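2 protein chains.
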Amino acid sequence: MPSAVPFVGPEAQERDRGAAFKARLGANESLFGPSPRAITAMQEAAAEIWKYGDAGSHELRNALAASLGVASENVLVGEGIDGLLGYLVRLLVAPGDAVVTSEGAYPTFNYHVAGYGGVLHKVPYRDDHEDPVALFAKAAEVDAKLVYLANPDNPMGSWHEGAALIAALDDLPEGALLLLDEAYIEFAPDGTSPALDVEDPRVIRMRTFSKAHGMAGARVGYAIGAADLIRSFDKIRNHFGMNRTAQIGALAALNDADWLARVKQDVALAKGRIAQIARDNGLEPLPSATNFVAVDCGADGAFARRVLEELVRLGVFVRMPFVPPQDRCIRISAGRPQDLDVLEQALPVALSAARE
Amino acid sequence: MPSAVPFVGPEAQERDRGAAFKARLGANESLFGPSPRAITAMQEAAAEIWKYGDAGSHELRNALAASLGVASENVLVGEGIDGLLGYLVRLLVAPGDAVVTSEGAYPTFNYHVAGYGGVLHKVPYRDDHEDPVALFAKAAEVDAKLVYLANPDNPMGSWHEGAALIAALDDLPEGALLLLDEAYIEFAPDGTSPALDVEDPRVIRMRTFSKAHGMAGARVGYAIGAADLIRSFDKIRNHFGMNRTAQIGALAALNDADWLARVKQDVALAKGRIAQIARDNGLEPLPSATNFVAVDCGADGAFARRVLEELVRLGVFVRMPFVPPQDRCIRISAGRPQDLDVLEQALPVALSAARE
């Protein structure tokens, strides 16, 4: 089994470079922060951390189900999407089983598949979009147990209309489950999430409090799917794995629709400014339905990597896609005005250093 | 795979009975709470929950290593002992592999072994103590990959001197790893933890912030062992699985030795009072090196279960051992004076109802 780690975190990079980042725009965290109500709820709950969290995340699960218009039995709360991905792969993928994803899609999913002995088959992006038609065709070809698709996509920010996904699903082979990663769905246009019956056995969705709700450090994700499938997680999940304060904070965040609306507005503004900064430097911002912008640096992966390294050197934490031709881009998270001021100053410097 | 969950949490029991518990003495949580410094640190960090936690828990790991007098490479921070148990079983136990534990020991360990297809072999307690000699003999007999031993023990509260464990280790067969669960070690007499070289490849220890540090809801545990073994967790662990506020709170708790000393004193007093309450009711408290007391109800498991059910009915959350003859006992966590007042009032009522 490979010892490789899916990501190097910004703190590890800061230790390597011996200085803190001035702008933390690399992990698609929400620099706008969590709901003030969530902050207060977590502060008030701090002294009660001596209690184990509720093993069923009962209140949060019920509130999520109500907000989604599904039964509680269709929702599972877990330790972030990363944790839920691990559980799902363990449930469905035996050594040698085929799994399909896109070349350059979420590496933590690949990490779990490799860890459980699954065999990954990858299809390329098509015009910077994940390609459901090709993914499902590949699944049929290799008899896949599981297909990964993020909508909207990370790292490109592209997306498909829900109706297009539903149409494509006709070609998902029997016996394959579509894992639809909707981590960024709150930022996407209406209709991006496919309007499927929650009991449709072909699809499980995963969502998170890490992005729009600004709680990446809390590790709260949730899966939405058929009750039978959701129940099967109980055979393997870490029943007392949820942080109690995170459960309480997430519930408060879920109940603060105003904050979510404001974050979405702030993110839209920030993406506009990132796009403008990119254009001012002769670079091309890609359309995005997420809280980040993939910026086409106008050359190959080696050039984009030089730009990235210069930005990091200048104190701007960013990341980039892993594979060509998407690796012509760098990926910049939506930030506050002060974060984007740092970006605005650093980008021309980084570009000119990268061109030397 | 069985659908059974290792434990029913108190919140689920409260929902079933339609009322909150008056005294929460069933999960060996620390009712004395976490260090005030940890509370403050977590409150101050609440607004920064938008950041992912450090994937390596770098600061906490270094601080733990320093406090233990070992290298950072010998320490792994993870999502509670429960999470670390799951990782270790996954690393070492393939389907069909033999694993040895005590009949009636920690069910969450058994849950993970069953979940990864291991075959559990159990040896009985001996005089209410786990029996290292019998455990290691059984390991040799079945060619075990992994042996579980809690010292001090849960649910009985008994313990072995570290020197006795070291002597017994001579009979641990080649190829078997001893998983030494030291969740309650802070409450035990000096010398309970065996003075072994941390690079001894025969043993991995696990400890936690859930008990003496009063942070069960935070999910922070750590493993201590040979650097090679610790490194292997990196192949499978959820790299961004730690709650950021929990990392910060645990570090603050670790640095508050005064609070820990005070909790140990409070726990000692509480155990004395539980023992007295038991004796006042004609029951026999067992010696304990933990933060709970196993109380011998003086008859069989059916009787102890009736006592437990009556206590629960009266609003006192307690648990009990699962198998005879240990199931003649109920297990009562150390609580604050007000918690033990509730116990003192309820126990005679519960006993007389159980005797009807």
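Those sequence lines, one after another, are chains R and E. Going by the UniProt record's numbering, the first sequence opens with residue 1, and the numbers climb by one from there. Going by the UniProt record's numbering, the second sequence opens with residue 1, and the numbers climb by one from there. Where a beta carbon is used, it is the ideal one built from N, C-alpha and C, also for glycine. Bear in mind the structure is a predicted one, so any value in this text is a computation, not a measurement.
**Request:** Would you check if the stretch 168 to 176 of chain R and the stretch 38 to 52 of chain R touch, i.e. whether three or more CB-CB distances between them fall below 8 Å?
**Result:** no
**Prompt:** What residues match up with G78 of chain R in a beta bridge as DSSP calls it?
**Reply:** The count along the first sequence starts at 1 and reaches residue 78 of chain R at position 78. Note: G78 of chain R sits in a beta bridge opposite R:G221.
**Message:** Assuming contact is defined by CB atoms lying nearer than 9 Å, are A216 of chain E and A27 of chain E in contact in what I supplied?
**Reply:** Numbered from its first residue, the second sequence carries residue 216 of chain E at position 216. Numbered from its first residue, the second sequence carries residue 27 of chain E at position 27. Going by C-beta atoms, A216 of chain E is nearer than 9 Å to A27 of chain E.
**Request:** Tell me whether A302 of chain E is buried or exposed, calling it buried when 16 or more other Cβ atoms sit within 10 Å of its Cβ.
**Result:** As a first step, residue 302 of chain E must be located in the second sequence, where it is residue number 302. By the neighbour-count rule (16 or more Cβ atoms within 10 Å), A302 of chain E is not buried but exposed.
**Asked** According to DSSP, which residues form a beta bridge with C297 of chain R?
**Response** As a working note, residue 297 of chain R is residue 297 in the first sequence. Partner(s): none; C297 of chain R has no beta bridge.
**Item:** Contact list for the stretch 237 to 260 of chain R against chain E, Cβ threshold 8 Å
**Value:** N238, H239, F240, G241, M242, N243, R244, T245, A246, G249
**Request:** Following the continuous beta strand (DSSP E) through Y148 of chain R, name the residue where it begins and the one where it ends.
**Result:** Looking up residue 148 of chain R in the first sequence gives position 148. It spans 146 to 150 - the beta strand (DSSP E) in which Y148 of chain R sits, taken as one unbroken run.
**Asked** Going by Cα to Cα distance, which pick from E:R126, E:Q276, E:R336 is closest to Q265 of chain E?
**Response** Taking the first residue of the second sequence as 1, we reach residue 265 of chain E at position 265. The shortest Cα separation from Q265 of chain E among E:R126, E:Q276, E:R336 belongs to E:R336.
**Request:** Measure the alpha-carbon distance for K122 of chain R versus V133 of chain R and round it to whole angstroms.
**Result:** Position 122 of the first sequence, counted from the start, is the residue given in the question as residue 122 of chain R. Position 133 of the first sequence, counted from the start, is the residue given in the question as residue 133 of chain R. Straight-line Cα distance between these residues: approximately 13 Å.
**Prompt:** With distances taken from CA atoms, which of R:F32, R:N62, R:D16 is nearest residue 413 of chain R?
**Reply:** Outside the modelled stretch of chain R, which goes from 1 to 356, sits residue 413 of chain R, for which no answer is possible.
**Prompt:** Does A12 of chain R have its Cβ less than 9 Å from a Cβ in chain E?
**Reply:** Here residue 12 of chain R corresponds to residue number 12 of the first sequence, with the count starting at 1. Judged by the 9 Å Cβ criterion, A12 of chain R is in contact with chain E.
**Request:** Give the residues of chain E in contact with Q265 of chain R, contact being defined as C-beta atoms less than 9 Å apart.
**Result:** As a working mapping, residue 265 of chain R is identified with position 265 in the first sequence. Within 9 Å Cβ-Cβ: nothing; Q265 of chain R doesn't reach chain E, min ~17 Å.
**Asked** Do we get a CB-CB distance below 9 Å when we pair residue 364 of chain R with the residues of chain E?
**Response** Given a span of 1 to 356 for chain R in the structure shown, any question on residue 364 of chain R remains unanswerable.
**Message:** When you compare the CB of Q338 of chain E with every CB in chain R, is at least one pair closer than 9 Å?
**Reply:** Walking along the second sequence from the start, residue 338 of chain E turns up at place 338. No, its Cβ sits nowhere closer than 9 Å to a Cβ of chain R.
**Asked** So which residues of chain R does D54 of chain E contact, with C-beta pairs closer than 9 Å?
**Response** Working through the second sequence from its first residue, we reach residue 54 of chain E at position 54. The answer, in chain order, is G9, P10, E11, A12.
**Asked** Tell me which same chain residues have a C-beta within less than 8 Å of the C-beta of R37 of chain R, skipping the five on either side of it?
**Response** Here the question's residue 37 of chain R lines up with position 37 in the first sequence. Excluding residues within five positions, the ones whose Cβ falls inside 8 Å are A252, A253, N255, D256, W259.
**Asked** Which chain R residues sit within Cβ distance under 7 Å of L31 of chain E?
**Response** Taking the second sequence and counting its residues from 1, one reaches residue 31 of chain E at position 31. Ordered by position in chain R, the residues that pass the 7 Å Cβ test against L31 of chain E are W50.
**Message:** Quick check on A98 of chain E: does DSSP put it in helix, strand or coil?
**Reply:** Position 98 of the second sequence holds residue 98 of chain E. It is a strand residue.
**Request:** Could you work out which residue in E:Y52, E:D128, E:V8 is closest to I248 of chain E when comparing CA atoms only?
**Result:** Position 248 of the second sequence, counted from the start, is the residue given in the question as residue 248 of chain E. The option with the nearest alpha carbon to I248 of chain E is E:Y52.
**Asked** Who are the neighbours of G214 of chain E on chain R, taking C-beta pairs under 8 Å?
**Response** Numbered from 1 along the second sequence, position 214 holds the residue referred to as residue 214 of chain E. Neighbours of G214 of chain E on chain R, chain order: I49, W50.
**Pick from R:A353, R:G298, R:T290 that is closest to I330 of chain R, judged by C-alpha positions** = Position 330 of the first sequence, counted from the start, is the residue given in the question as residue 330 of chain R. Checking every option, the nearest Cα to that of I330 of chain R belongs to R:G298.
**Prompt:** Pairing CB atoms from the stretch 312 to 321 of chain R with CB atoms from the stretch 13 to 28 of chain R, are three or more of them under 8 Å?
**Reply:** yes
**Message:** Could you compute how far the alpha carbon of F109 of chain R sits from the alpha carbon of I274 of chain R?
**Reply:** Here residue 109 of chain R refers to the residue found at position 109 of the first sequence. Here residue 274 of chain R refers to the residue found at position 274 of the first sequence. Our two residues, F109 of chain R and I274 of chain R, have alpha carbons roughly 28 Å apart in a direct line.
**Request:** Check whether the Cβ atoms of K271 of chain E and F292 of chain E sit closer than 9 Å, and answer yes or no.
**Result:** Residue 271 of chain E sits at position 271 when you count from the first residue of the second sequence. Residue 292 of chain E sits at position 292 when you count from the first residue of the second sequence. In contact: K271 of chain E and F292 of chain E (Cβ atoms closer than 9 Å).
**Prompt:** For a contact meaning CB atoms closer than 7 Å, what does A46 of chain E contact in chain R?
**Reply:** Within the second sequence, the letter at position 46 stands for residue 46 of chain E. Correct list: I39, M42, Q43.
**Prompt:** Does D82 of chain E have its Cβ less than 9 Å from a Cβ in chain R?
**Reply:** Looking up residue 82 of chain E in the second sequence gives position 82. With 9 Å as the cut-off, D82 of chain E counts as an interface residue toward chain R.
**Request:** Taking C-beta pairs closer than 8 Å, name the residues in chain E that R15 of chain R reaches, listed in chain order.
**Result:** Locating residue 15 of chain R in the first sequence gives position 15, where the first residue counts as 1. Those are H58, listed as they occur along chain E.
**Asked** If you draw a straight line from the alpha carbon of S352 of chain R to that of D280 of chain R, how long is it in whole angstroms?
**Response** One-based indexing of the first sequence puts residue 352 of chain R at position 352. One-based indexing of the first sequence puts residue 280 of chain R at position 280. Whole-angstrom Cα-Cα distance: 14 Å.
**Request:** Would you mind working out which of E:P325, E:R231, E:E356, E:V295 sits nearest L343 of chain E, comparing C-alpha positions?
**Result:** Along the second sequence, read from residue 1 onward, the residue named residue 343 of chain E stands at position 343. When only C-alpha atoms are compared, the closest one is E:V295.
**Message:** Under 8 Å: do the stretch 191 to 203 of chain E and the stretch 69 to 88 of chain R share three or more Cβ pairs, one atom per stretch?
**Reply:** The stretch 191 to 203 of chain E vs the stretch 69 to 88 of chain R: no contact.
**Interface partners of D73 of chain E on chain R, CB under 9 Å** = Looking up residue 73 of chain E in the second sequence gives position 73. Sequence check: residue 73 of chain E is Glu here, not Asp. Result: empty, since nearest Cβ-Cβ is about 14 Å, beyond 9 Å.
**Message:** Which of the three DSSP states is assigned to V142 of chain R in this structure?
**Reply:** As a position in the first sequence, residue 142 of chain R is number 142, starting the count at 1. Residue state for V142 of chain R is assigned as helix, using DSSP reduced to three classes.
**Asked** Hey, quick one: how far does the beta strand (DSSP E) through L343 of chain E stretch, first residue to last?
**Response** Position 343 of the second sequence, counted from the start, is the residue given in the question as residue 343 of chain E. Per DSSP, L343 of chain E belongs to no beta strand (DSSP E); it is in the alpha helix (DSSP H), 337 to 355.
**Item:** Beta-carbon neighbours of E79 of chain R, restricted to chain E and to distances below 8 Å
**Value:** If you number the first sequence from 1, residue 79 of chain R lands on position 79. Per Cβ cutoff of 8 Å: E79, N238, G241.
**Prompt:** Which residue from R:R90, R:V316, R:R306 puts its Cα closest to that of K235 of chain R?
**Reply:** Residue 235 of chain R sits at position 235 when you count from the first residue of the first sequence. Nearest of R:R90, R:V316, R:R306 to K235 of chain R, Cα basis: R:R90.
**Request:** Could you confirm whether any beta carbon from chain E is found closer than 9 Å to the beta carbon of R61 of chain R?
**Result:** Counting from one through the first sequence, the residue named residue 61 of chain R turns up at place 61. Under the 9 Å criterion on CB atoms, R61 of chain R is classed as non-interfacial with respect to chain E.
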